[in-house]
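Residues in the sequence shown are numbered from 1 upward in steps of one, following full-length UniProt numbering.
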Amino acid sequence: MGYTRTDWSEHYNEGRGFRRLGDQEKGLLVEHASAPEGGPALDIGCGTGELSVYLTSLGYTVDGADFAEGALERARAEHAEVEGVRWLSLDVEHGDLATSPRTATT
């Protein structure tokens with residue numbers, strides 16, 4: 001049995017998260033995933049947005065998508081000052097991805 005939208009929202013609402021993005025992973029992204037300024041990126045299952053925010057520092061314009069509203073609430077609050085990220089409530093497994101204008105055209 002998989003986790004539901006409610007399960008994930010509760011996970012984030014309780015203040016839980018996941019392992020932080022490490023220096024080795026950041027180094028690999030810098031080395032292999034540089035983008036032209038404003039190049040699009042899609043972070044599916046963005047959680048609290050750490051990767052989405054880091055991708056903006058590499059020049060990407062990011063759609064951070066998650067179906068757990070608790071995760072998105074934290075992402076919006078923790079990264080309110082960050083420009084270049086749209087926080088989208090999407091269930092990509094059930095076809096909602098097409099509702100994202102930026103990802104639908106790229």
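Quick reminder that beta carbons are idealized off the backbone N, C-alpha and C, glycines included.
- Here the C-alpha atom of residue 17 lies approximately 30 angstroms from the C-alpha atom of residue 36.
- Two segments are said to touch when three or more pairs of C-beta atoms, one from each, lie closer than 8 angstroms; by this definition the segment 19–34 does not touch the segment 83–96.
- Considering only 4, 12 and 5, the residue with the shortest C-alpha distance to residue 70 is 12.
- For residue 41, the pairing in a beta bridge is given by DSSP as 62.
- Residue pairing for residue 89: DSSP places it in a beta bridge opposite 66.
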